[in-house]
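Undergrad: So the sequence shown is residues 755 to 1184, counted in the working numbering. All C-beta atoms, glycine included, are put in the ideal place defined by N, C-alpha and C. First the structure, which I've put down as structure tokens, then a few questions once you've had a look.
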Amino acid sequence: MFLRMHPCNNPILMADINLMEKIVSLAKRRGFVFPGSEIYGGLAGTYDYGPMGVVMKENIERLWLQMFRDDRDDMYGVDAAILMNPKVWEASGHIQTFADPMADGKMFNTMFKTSVGAGEEVSTVYLRPETAGGIFTNYKNVVDALHPKMPFGIAQIGKAFRNEIAPRDFIFRLRELEQMEVEYFVKPSDWEQAFEEWRKLMHLFAEAVGLPQTSVHELEVCDGDRAHYSKRTIDFEFEYPFGRKELWGLAYRTDFDLSAHSKASGTELSYLDEETSEKFIPHVIEPSLGVDRTILAILTSAYREDDMGGETRTYLALSPKIAPVKAMVSPLLKNKPELVLKAREVRAELQKVHSAIAWDDNGNIGKRYRRQDEIGTPFCITIDFDTLGPSNSSGQANLKETVTLRHRDTGVQERFTVSQVAKRIREAIL
Ligand code: GAP
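Written as structure tokens, this is what we have:
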């Protein structure tokens, strides 16, 4: 945003339009992402997450909360209102500068306007263009309520809105988007160290959600291309099917925001270090991650086609942590009550490990596997007559109480006891 033309950008890779079409099609077919308001012809720049997408999104956000907030002693959470006093956006510089050029060169402010109140009382407000605003305005509340020691940070996940002139590339450039943001408050002299720490954590997060290190590249944003509040910005770029583009950003926002809000609101926003009696306006490091761009990057890097049994198979090689369904349990035949009963038991047992254990007894087993492959389910478990023991079939005695475990990426099937399968699933999603 903020007029980044990236003159120092790396060369854009050849676009793979075909791959993009396949991802969009799979996302719809399997319930990950649907066009917004589709039955009315859609609304540009809006998409809805379907049953698989919403769980995948929650998995990503939960992992982010764990790594960026909960595993740390120096992080706090907030969930601020989307509608804020418009003075916030005046002080932050968004009313003056949050603009993109239109075709005729005129500048267009991309903040969405709406109004609050009625009649004489009506006034214009904006839908927040970044979640950061609600963090800065709560800085003092968090300090007063919890007395955190410097350095500390505030994390928030939430919607942001931008009236993009040209929304495009599926969920890459949206008008309604979701951000996972941290504002990390430091002593002015400590900013470089904090910048490096968050930079490392962002790479660890990329790895944790299953993005290969080779597909995430850092780009030092040049002077003149950075947002007005930033003294240093690194864009984390990803090789999307339409080229290498910004996935996330890491910015050094200096004391720009707290100083501006302090001045505009008349509220003291400096920090008093009780040990040294030092008083200063904290400087800020901001790792900002778009959820939708993360999802598109994950779908892009996980999309696979191979040949299985003489047919082209499509599957998503999702990290088990992120996969919406961790395993699917299936009776070999749905019209054999003894198999169904046993399979139900096995499913209930595995649900003690994780609730997202699907049930599928529709169609032949091959079709069931293919459906799970397309949503990235790492394991499929089948209960057959051998599971029940030799008295029920020609099966071998030593296979009693064992099930087949099929691995998504290879299609390889192994025989395990239910507790061994439970252990495998537990280890994979840890
Ligand atoms: N608070 C800083 C900030 O908002 P930004 O670079 O404008 O900085 C941060 O946005 C992240 O939000 C981006 O790196 C991207 O992941 C996501 N993002 C920004 N605009 C977006 C859009 N129109 N659609 C989807 N995601 C977007």
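Heavy atom of ligand 1 less than 7 Å from the Cβ of V1097, yes or no?
TA: Looking at the sequence shown, residue 1097 is not Val but Ala. No, the Cβ of A1097 stays beyond 7 Å of every heavy atom of ligand 1.
Undergrad: Distance, Cα to Cα, R823 vs W945?
TA: 19 Å
Undergrad: Can you tell me whether R1160 is buried or exposed? The criterion is at least 16 other CB atoms within 10 Å of its CB, across all chains shown.
TA: buried
Undergrad: Is DSSP giving R823 helix, strand or coil here?
TA: helix
Undergrad: Can you check which of these residues, S869, V1172, M861, F890, is closest to D833 by C-alpha distance?
TA: F890
Undergrad: In the DSSP assignment, find the unbroken alpha helix (DSSP H) run with K841 in it and report its ends.
TA: 841 to 845
Undergrad: Which residues in the same chain as R1058 place their Cβ atom closer than 6 Å to its Cβ, once the five residues preceding and following it in sequence are excluded?
TA: Y1069, A1071
Undergrad: Look up I1185 in the DSSP assignment and say whether it is helix, strand or coil.
TA: Within the shown structure, residues of the chain are numbered from 755 to 1184, placing residue 1185 beyond reach of any answer.
Undergrad: Short of 8 Å in beta carbon distance, which residues of its chain neighbour P902, apart from the five on each side in sequence? Order them along the chain.
TA: D828, Y830, V896
Undergrad: Secondary structure at I727, three-state DSSP: helix, strand or coil?
TA: The chain is shown from 755 up to 1184; residue 727 falls before or after that span and cannot be answered.
Undergrad: Hey, quick one: how far does the beta strand (DSSP E) through G871 stretch, first residue to last?
TA: Element bounds for G871: n/a, residue is neither H nor E.
Undergrad: Helix, strand or coil, according to DSSP, for V832 in the structure here?
TA: coil
Undergrad: Among G1063, N839, T868, which residue has its Cα nearest to the Cα of R916?
TA: T868
Undergrad: Quick one: residues in its chain with C-beta nearer than 7 Å to the C-beta of R1169, no 5 flanking neighbours on either side, listed in chain order?
TA: L1153, T1156, T1158
Undergrad: Check each candidate in F1133, K999, E1029 and name the one with the smallest Cα separation from I925.
TA: K999
Undergrad: Can you check which of these residues, P1085, E775, L1087, V1100, is closest to D923 by C-alpha distance?
TA: E775
Undergrad: Excluding five sequence neighbours on each side, which residues of the same chain lie with their C-beta closer than 6 Å to the C-beta of W818?
TA: M934
Undergrad: Within the region 944 to 979, note down every full alpha helix (DSSP H) run reaching 4 residues or more, in order along the chain.
TA: 945 to 962
Undergrad: Can you give the Cα-Cα distance for I766 and S1055, rounded to whole angstroms?
TA: In this prediction, I766 has a pLDDT of 39, which is less than 50 and means its spatial position is unreliable; what the coordinates show is noted afterwards. Whole-angstrom Cα-Cα distance: 17 Å.
Undergrad: Take G907 and list the residues in its own chain whose beta-carbon comes closer than 7 Å to its own, dropping the five residues that flank it on each side.
TA: Hits under 7 Å: D828, M829, V936, E937, Y938, F939.
Undergrad: Does the count of Cβ pairs from the region 774 to 794 and the region 868 to 882 closer than 8 Å reach three?
TA: no
Undergrad: Where DSSP assigns a beta bridge to A914, which residues make up the other side?
TA: L931
Undergrad: Ligand 1 and S1055: does any heavy atom of the ligand fall closer than 7 Å to the residue's C-beta?
TA: no
Undergrad: With 16 other CB atoms within 10 Å as the buried threshold, where does S943 fall?
TA: exposed
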